[in-house]
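Read the structure below first, then the notes.
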Amino acid sequence: MSLLQVIDAPASGCGAKPQASGLSVLNVLDSPRDSLADSRVPERKRRLPAWLKRPLPAAGMAFTDEVIRDLDLVTVCESAKCPNRTECWSHKTATLMIAGNVCTRPCGFCSVPKGKTEALQLDEPARVAEAAKRLGLEHVVLTSVTRDDLPDGGAAHWAACVVAVREACDEGVTIEVLTPDFRGNVRAIDAVIDSRPDVFNHNTETVPRLYHRVRRNADYQRTLDLLARVKRRAPDMPTKSGLMLGLGETREELLDTCADLRAVGCEMLTLGQYLQPTGQHLPVERYVPPEEFDEVGELMRGLGFGLVASGPFVRSSYHAGEMKDVLTANRSA
Numbered sequence: 001m002s003l004l005q006v007i008d009a010p011a012s013g014c015g016a017k018p019q020a021s022g023l024s025v026l027n028v029l030d031s032p033r034d035s036l037a038d039s040r041v042p043e044r045k046r047r048l049p050a051w052l053k054r055p056l057p058a059a060g061m062a063f064t065d066e067v068i069r070d071l072d073l074v075t076v077c078e079s080a081k082c083p084n085r086t087e088c089w090s091h092k093t094a095t096l097m098i099a100g101n102v103c104t105r106p107c108g109f110c111s112v113p114k115g116k117t118e119a120l121q122l123d124e125p126a127r128v129a130e131a132a133k134r135l136g137l138e139h140v141v142l143t144s145v146t147r148d149d150l151p152d153g154g155a156a157h158w159a160a161c162v163v164a165v166r167e168a169c170d171e172g173v174t175i176e177v178l179t180p181d182f183r184g185n186v187r188a189i190d191a192v193i194d195s196r197p198d199v200f201n202h203n204t205e206t207v208p209r210l211y212h213r214v215r216r217n218a219d220y221q222r223t224l225d226l227l228a229r230v231k232r233r234a235p236d237m238p239t240k241s242g243l244m245l246g247l248g249e250t251r252e253e254l255l256d257t258c259a260d261l262r263a264v265g266c267e268m269l270t271l272g273q274y275l276q277p278t279g280q281h282l283p284v285e286r287y288v289p290p291e292e293f294d295e296v297g298e299l300m301r302g303l304g305f306g307l308v309a310s311g312p313f314v315r316s317s318y319h320a321g322e323m324k325d326v327l328t329a330n331r332s333a
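Position 18 of the sequence shown, counted from 1, bears residue number 18 in the UniProt record's numbering, the numbering being contiguous throughout.
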């Protein structure tokens, strides 16, 4: 199966076979553009372009919803208003969000609630593992809010969830973690690494120039240091990162940022369109056309990433299992 076939497939769970869905990824280019921010979206006109409109499949969603509700779990699919939720849920896949549903950082792009957090639920690892079993997941993706209120940023809880899923699921099930930066706490980062997830994902989100506006209280170098730490401690563990396009970044800035990611050993990259969750969040500076995502994706392949998924609807964990499988196949080829 080609890379294009895999990433074009609808999200799959329980062994479902990938099928073409029209998500455009990685075509050859000769790009005339030198900027990704040359066409601002007028403040008074926020209509989505045609390529961001698509039917919403609902068949099969009820089962995933039932499992999530029954086990009193949170998904980033709902909290972050992900545009792929109906597709993924209809295929019995979901990204489970641990450590609560209230974040301690006020990032300008994110719709996850901010404010006063609650104590960690000690039975959550068992409930997460049970959800993975009931949904028949072959690739489990875990993420969390940022918990700057905890001394270890929730790292021990992270590790407990990974171990619980590993013990509860079949041997072939793989686990991907999409973590916060743990404020650069090396012991916390190591605790998650040592729980032995199969993929370690930490998002860059945007280019350094925009960090103060997009990722308040985050630090670009800290993100690079975290990814570098994973490769030093676990050289064979694939690392992954993602960025949103349409926030005002230039083509040169994007290339420089992704070159930095490659320099710290990052192997997997996701690039998707930023969509404003509500009027209180950062506005979209530009809707990037699908063909430009193709161009940018090919440029990133040229930087040496083992796998790139680039398209308007691409998100960090969209088709994550298929991406992991392709990277594994490429490594063994």
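Glycine included, every Cβ here is placed at the ideal spot set by N, Cα and C.
So, using beta-carbon positions, are residue i and residue j closer together than 8 Å?
i, j, result
"Phe200", "Thr239", "yes"
"Thr257", "Pro290", "no"
"Gly272", "Gly248", "no"
"Arg105", "Thr146", "yes"
"Leu303", "Ala259", "yes"
"Ser156", "Ala126", "The displayed chain sequence assigns Ala, not Ser, to residue 156. Contact: no."
"Ser111", "Thr270", "no"
"Leu307", "Met268", "yes"
"Val173", "Leu142", "no"
"Ala191", "Ala159", "yes"
"Thr206", "Ser241", "no"
Taking DSSP as the reference, what is the three-state secondary structure of residue i?
i, result
"His139", "strand"
"Gly242", "strand"
"Phe293", "helix"
"Val74", "strand"
"Val199", "strand"
"Glu118", "coil"
"Glu267", "coil"
"Trp89", "In this prediction, Trp89 scores a pLDDT of 47, lower than 50, which makes its location untrustworthy; the coordinate-derived value is nonetheless stated afterwards. Trp89 falls in the helix class under three-state DSSP."
"Gly272", "strand"
"Leu307", "strand"
"Glu285", "coil"
To the nearest angstrom, report how far apart residue i and residue j are at their CA atoms.
i, j, result
"Pro197", "Arg251", "33 Å"
"Asp148", "Lys116", "11 Å"
"Ala131", "Gly246", "35 Å"
"Gly22", "Leu224", "Reliability of the predicted coordinates at Gly22 is poor, the pLDDT of 34 falling under 50, and no value is obtained from them."
"Trp89", "Gly265", "Interpretation of Trp89 is limited by its pLDDT of 47, a score under 50 that renders its predicted location unreliable; the figure taken from the coordinates is listed afterwards. Going by the C-alpha atoms only, they are around 32 Å apart."
"Leu275", "Glu285", "10 Å"
"Gly100", "Ser144", "7 Å"
"Val230", "Tyr220", "16 Å"
"Gln280", "Val74", "23 Å"
"Pro151", "Glu295", "43 Å"
"Glu138", "Asp325", "11 Å"
"residue 340", "Leu96", "The chain is shown only over 1 to 333; residue 340 falls outside these bounds and no answer can be derived."
Drop a sphere of 10 angstroms on the beta-carbon of residue i, count the other beta-carbons inside from all chains shown, and report buried for 16 or more, exposed for fewer.
i, result
"Asp194", "exposed"
"Glu171", "exposed"
"Pro235", "exposed"
"Pro49", "exposed"
"residue 405", "For residue 405 there is no data in the structure shown, the boundaries of the chain being 1 and 333."
"Glu66", "exposed"
"Phe305", "buried"
Strictly by DSSP, which residues pair up with residue i?
i, result
"Phe313", "Paired residues: none, contrary to the question."
"Val165", "According to DSSP, which records beta bridges pairwise, Val165 is partnered with nothing at all."
"Ser144", "Ile98"
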